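> Okay, so the sequence shown: first residue is 1 according to UniProt numbering, each after it adds one.
The structure's right below; bear with me while I get my questions together.
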Amino acid sequence: MRAITIPEFGDEDVLTVSEVPDLTPGPGEVLIEVAAAGVNRADLMQRQGFYPPPPGISEVPGLEVSGTITAVGEAAAGWVIGDEVCALLAGGGYAQQVVVPAGQVLPVPAGVSLQDAAALPEVACTVWSNIVMTAHLKTGDLFLQHGGSSGIGTMAIQIAGQLGARIAVTAGSQEKLDACAALGADILINYREQDFVEVIQEAGGADVILDVIGAKYLSRNVTALADGGRLVIIGLQGGTKAELDINQLLVKRGTVAATSLRSRSLAQKAAIVGEVREHVWPLIAQGKIRPIVSETFPLEDAARAHRALQESQHIGKILLTV
Numbered sequence: 001m002r003a004i005t006i007p008e009f010g011d012e013d014v015l016t017v018s019e020v021p022d023l024t025p026g027p028g029e030v031l032i033e034v035a036a037a038g039v040n041r042a043d044l045m046q047r048q049g050f051y052p053p054p055p056g057i058s059e060v061p062g063l064e065v066s067g068t069i070t071a072v073g074e075a076a077a078g079w080v081i082g083d084e085v086c087a088l089l090a091g092g093g094y095a096q097q098v099v100v101p102a103g104q105v106l107p108v109p110a111g112v113s114l115q116d117a118a119a120l121p122e123v124a125c126t127v128w129s130n131i132v133m134t135a136h137l138k139t140g141d142l143f144l145q146h147g148g149s150s151g152i153g154t155m156a157i158q159i160a161g162q163l164g165a166r167i168a169v170t171a172g173s174q175e176k177l178d179a180c181a182a183l184g185a186d187i188l189i190n191y192r193e194q195d196f197v198e199v200i201q202e203a204g205g206a207d208v209i210l211d212v213i214g215a216k217y218l219s220r221n222v223t224a225l226a227d228g229g230r231l232v233i234i235g236l237q238g239g240t241k242a243e244l245d246i247n248q249l250l251v252k253r254g255t256v257a258a259t260s261l262r263s264r265s266l267a268q269k270a271a272i273v274g275e276v277r278e279h280v281w282p283l284i285a286q287g288k289i290r291p292i293v294s295e296t297f298p299l300e301d302a303a304r305a306h307r308a309l310q311e312s313q314h315i316g317k318i319l320l321t322v
């Protein structure tokens, strides 16, 4: 089969279309013929040598796919050949085939195309596991999403809205802020022109912040928290090391959590996927939440897709079609 490999670390041009062995599902696994794969910033980090796959996981990049099940391993209950699905991966998505633990597979939601379903697993599982399972966002809370027009951001706005939260977002252009408003964001902050801390403090402080920036925003995020606020860090676009004023956190009775989805155990991932299927999938089927797809590229153009993601002019997800 064809797959994108990374013979050496570097810029987008190191991504190489290669012939690699076909796959066979083991016990508890299914084989998916891939229709499309999501492109995520973690893939860019892996390409640069900063985010290696966990031990035993394919070195082919790609953390989510959609497609059709073509083989079912022993004890992979709940799935049959021919099922149209999407799946959360630890790696291997940039390929014609991928093997996935059955607990990380989801049906394509009603009303969503097989291709667009590839835009759902990583963002839905990331958002739900962090703002609900970790930060316990609830009705009436003020939720701040950094990078509101990103794949994560566009999903977070929609899920938070369905939970009844007030929603604030940061983005770097009016076009991106308008897109966030159309999805349900209430407070729109252009980080190039406004101090998000001042805006959020005027609104009473954030009960939950989902942050993709990391070190650069750590102290400012803590300042922006309301009493009892919860900051969840899921990205490192702004670096890995920063100083934290613990006294400020103590006074607010605040919480700082940092999470990664890829490194979780199979059982933990299956639990997250199960909650997403129970709580988010019905909302998608009802048209209350939808995948936001910005651009699609053929698998062979993975370098262009990475470049587009790095340039950050997109709104929503970027997909590779197979």
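Even for Gly, the Cβ is constructed at its ideal location relative to N, Cα and C.
No experiment lies behind these values; they were computed from the predicted model shown.
Any idea what DSSP makes of GLN97, helix, strand or coil?
Here residue 97 corresponds to residue number 97 of the sequence shown, with the count starting at 1. GLN97 falls in the strand class under three-state DSSP.
> Using the beta-carbon count (16 or more within 10 Å), is SER260 buried or exposed?
The sequence position of residue 260 within the sequence shown is 260, counting from 1. SER260 comes out exposed.
> Can you tell which of LEU23, CYS86 and GLY103 has its C-alpha closest to the C-alpha of ALA119?
What you label residue 119 is simply residue 119 of the sequence shown in a count that begins at 1. Nearest option by C-alpha distance: CYS86.
> When burial is assigned at 16 or more other CB atoms within 10 Å of the CB, is GLY56 buried or exposed?
As a first step, residue 56 must be located in the sequence shown, where it is residue number 56. Flag for GLY56 reads exposed.
> Can you check DSSP and say which residues form a bridge with CYS86?
Counting from 1 along the sequence shown, the entry for residue 86 is found at position 86. Per DSSP, SER66 and LEU106.
> Per DSSP, which residues does ALA117 bridge with? Please list them.
Here the question's residue 117 lines up with position 117 in the sequence shown. ALA117 is not bridged to any residue.
> For LYS252 and LEU225, which I take to be in contact (beta-carbon distance under 8 Å), what is that distance rounded to the nearest angstrom?
Translated into the one-based positions of the sequence shown, residue 252 becomes position 252. Translated into the one-based positions of the sequence shown, residue 225 becomes position 225. Their Cβ separation, rounded to whole angstroms, is 5 Å, which keeps LYS252 and LEU225 in contact under 8 Å.
> Tell me whether the beta-carbon of VAL127 lies closer than 8 Å to the beta-carbon of ILE167.
By one-based count along the sequence shown, residue 127 stands at place 127. By one-based count along the sequence shown, residue 167 stands at place 167. No, they are not a contact pair.
> With a CB to CB cut of under 6 Å and the five nearest residues on each side skipped, what residues in its chain are close to residue 326?
Any property of residue 326 remains undetermined from this structure, which presents the chain solely from 1 to 322.
> Is SER18 helix, strand or coil when you go by DSSP?
Start at 1 with the first residue of the sequence shown, and residue 18 comes out as number 18. The answer is strand: DSSP assigns SER18 an E or B state.
> Could you tell me which uninterrupted alpha helix (DSSP H) segments, each at least 4 residues in length, are contained entirely in the segment 263-303, listed from first to last along the chain?
The segment 263-303 contains these whole alpha helix (DSSP H) runs: 266-279 and 281-285.
> So if DSSP puts VAL39 in a beta bridge, which residue, or which two residues, is it bridged to?
Position 39 of the sequence shown, counting from 1, holds the residue named residue 39. ILE318.
> Let me check one thing: in DSSP terms, what residues is LEU225 bridge-paired to?
To locate residue 225, count along the sequence shown from 1; it is residue 225. LEU225 is bridged to ALA206.
> Taking one C-beta from the segment 177-184 and one from the segment 193-212 each time, how about it: are there three or more such pairs within less than 8 Å?
No, because fewer than three Cβ pairs between the segment 177-184 and the segment 193-212 fall closer than 8 Å, the two stretches do not touch.
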